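Written out below as structure tokens is the structure these notes cover.
Residue numbers (this note's numbering): 2 to 371.
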């Protein structure tokens with residue numbers, strides 16, 4: 002009941018193992034990477050309470066010793082102070098360049114620990130053990146690491162590929178419903194950007210995955226990871242095609258900044274709302290049919306995730322304020338925002354040829370519906 006997806010990047014190639022029971026097998030899977038049988042694990046308070054001992058037992062089964070550090074949970078951990086703290090701790094543990102650092106947690110831990118590994122001794126290897134759906138299908142794969150800045154999200158970081166990813170779908174059973182559905186925002190993104198058949202499969206089967214069906218969960222993770230791996234292999238450092246993975250993210254990152262990176266809006270919820278807005282903008286530009294954004298919103302509503310700006314509690318800036326936040330996005334090139342738009346479900350493309358007034362109008366109408 003376990004699958005493997007290979008990310009073919011030459012000397013930086015690695016495997017992603019997907020399925021239940023991988024924490025128990027962590028020792029045998031990580032052991033081939035090790036020169037000495039010792040790893041440094043970094044997690045957060047929530048994940049450590051649930052899974053750190055299971056990982057320790059899995060590593061001990063292969064005779065691997067583990068030292069661990071536990072950080073606060075939440076997006077605020079992706080910051081300079083916690084990065085500094087983590088790197089200094091790794092140095093205190095005398096982690097050598099030939100050693101392996103393990104990130105046990107969701108996207109925040111994966112991004113932070115990956116960046117720490119990238120800068121520690123000019124680069125040490127690391128293993129991703131993603132414990133959230135969002136991290137399993139997206140942030141743990143592809144080598145994007147980093148922290149947030151007061152200027153915006155993920156503006157400081159490095160491309161540093163993991164040496165191995167263990168996506169234990171068994172641990173998804175410990176997620177709160179809201180966190181699972183937030184991760185689903187990234188799953189549906191893959192169907193919307195490049196695989197209409199996968200989107201159709203999700204329309205028929207995603208509710209089973211949300212309800213705990215293991216086969217459905219494994220397939221949802223595997224297909225998402227396959228699509229990401231294919232894109233990363235073509236464009237590792239986001240010079241072209243990889244930007245497709247940012248479908249919905251231009252809107253999402255602005256909304257996250259507007260809500261202070263708080264639990265008012267989780268990242269995957271912002272992605273879902275952003276995808277709906279990107280298709281709405283595409284339909285207004287005559288690129289896709291008006292039925293497409295309606296179909297997407299209907300599916301997201303059936304899944305029970307956030308869909309519109311009206312679903313975000315509390316105040317939001319006006320349309321101009323959101324546009325200002327969007328202008329800080331990493332996808333600005335030569336002062337022009339790059340949008341990922343679509344000619345239909347599964348047919349996304351990258352463009353800078355978007356009328357700012359139309360974006361303002363779409364945002365204004367979405368805000369007025371609140």
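Even for Gly, the Cβ is constructed at its ideal location relative to N, Cα and C.
Please read these numbers as outputs of a predicted model, since none were measured by experiment.
For residue 79, three-class secondary structure by DSSP:
Here residue 79 sits in coil by DSSP.
Quick one: using the 10 Å Cβ neighbour count with 16 as the cut-off for buried, is residue 139 buried or exposed?
In this structure residue 139 is buried. Its beta-carbon is surrounded by 16 or more other beta-carbon atoms within 10 angstroms.
If you follow the beta strand (DSSP E) that residue 126 is in, where does it begin and where does it stop?
Note, residue 126: beta strand (DSSP E), 126-131.
What did DSSP end up calling residue 296 once you bin it into helix, strand or coil?
Residue 296 falls in the helix class under three-state DSSP.
Nearest candidate by alpha-carbon position, reference residue 192, set 215, 168 and 222
The candidate whose alpha carbon is nearest that of residue 192 is 222.
Pick from 48, 237 and 346: whose alpha carbon is nearest that of residue 295?
Minimum Cα distance to residue 295 is reached at 346.
Candidates 219, 213, 246 and 239: closest to residue 229 by CA position:
Ranking the options by Cα distance to residue 229, first place goes to 246.
Starting from residue 189, trace the alpha helix (DSSP H) in both directions and tell me its first and last residue.
Membership of residue 189 in the alpha helix (DSSP H) is indicated by the continuous run 178-195.
Given 8 Å, three or more beta-carbon pairs between the region 175-187 and the region 303-323
Taking 8 Å as the limit for Cβ pairs, the verdict is that the region 303-323 does touch the region 175-187.
For residue 269, the three-state DSSP class (helix, strand or coil):
Secondary structure at residue 269: helix, using DSSP grouped into helix, strand and coil.
Does the region 107-126 come close enough to the region 196-205 that 3 or more CB-CB pairs lie under 8 Å?
With contact defined as three or more Cβ pairs closer than 8 Å, the region 196-205 and the region 107-126 are not in contact.
Could you round the C-beta distance between residue 277 and residue 248 to whole angstroms and report it? I think they count as a contact, below 8 Å.
Actually they do not touch by this definition, with Cβ atoms about 11 Å apart.
Determine the direct distance from the alpha carbon of residue 250 to that of residue 313, and round the result to whole angstroms.
Looking at the two C-alpha atoms, the distance is approximately 16 Å.
Hey, residue 130 and residue 103 are a contact pair by Cβ (cut 8 Å); roughly how many whole angstroms apart?
With a Cβ gap of about 6 Å, residue 130 and residue 103 count as contacting.
Classify residue 7 as buried or exposed, calling it buried when 16 or more other Cβ atoms lie within 10 Å of its own Cβ.
The residue in question, residue 7, is exposed, as its Cβ has fewer than 16 Cβ neighbours within 10 Å.
Tell me the DSSP secondary structure of residue 223 in three-state form.
Under the three-state reduction of DSSP output, residue 223 falls in the helix class.
At least 3 beta-carbon pairs within less than 8 Å: the region 161-178 vs the region 255-272
Too few Cβ pairs lie closer than 8 Å, so no.
Residues of its chain near residue 284, where Cβ-Cβ distance is below 8 Å and the 5 sequence neighbours each way are ignored:
For residue 284, where only same-chain residues beyond five positions count, the Cβ hits under 8 Å are 290, 291, 293 and 294.
What does DSSP give as the partner residues of residue 15 in its beta bridges?
In DSSP, residue 15 forms a bridge with 8.
Tell me which residues share the same chain as residue 233 and place their Cβ nearer than 8 Å to its Cβ, disregarding the 5 neighbours each side in the sequence.
Cβ neighbours of residue 233 beyond the five flanking positions: 8, 10, 142, 143, 144 and 243.
Residue ranges of each alpha helix (DSSP H) within the region 18-52, 4 or longer
Within the region 18-52, the complete alpha helix (DSSP H) runs of at least 4 residues are 27-31.
Apart from the five residues on each side of it in sequence, which residues of its chain come closer than 7 Å, Cβ to Cβ, to residue 327?
Residues of the same chain with a CB within less than 7 Å of the CB of residue 327, apart from the 5 flanking positions on each side, are 251, 255 and 338 in chain order.
What residue range is occupied by the uninterrupted beta strand (DSSP E) comprising residue 148?
From DSSP, the beta strand (DSSP E) with residue 148 extends over 145-150.
Can you pull the DSSP bridge partners for residue 68?
For residue 68, which the question treats as bridged, DSSP gives the partners 41.
Among 343, 177, 207 and 178, nearest to residue 188 - alpha-carbon criterion
Among 343, 177, 207 and 178, the Cα nearest to that of residue 188 is on 207.
Is the beta carbon of residue 48 less than 8 Å from the beta carbon of residue 106?
Pairing residue 48 with residue 106 gives a Cβ-Cβ distance under 8 Å.
Contact between the region 47-63 and the region 83-93: three or more CB pairs below 8 Å?
With a cut-off of 8 Å, the region 83-93 and the region 47-63 do not count as touching, because too few Cβ pairs lie within range.
For residue 251, does the three-state DSSP call read helix, strand or coil?
In the three-state DSSP reduction, residue 251 falls in the helix class (H, G or I).
Straight-line Cα distance separating residue 69 from residue 239
Each residue's alpha carbon lies about 33 Å from the other.
Is the beta carbon of residue 18 sitting closer than 8 Å to the one on residue 132?
Here residue 18 is not near residue 132, since their CB atoms are 8 Å or more apart.
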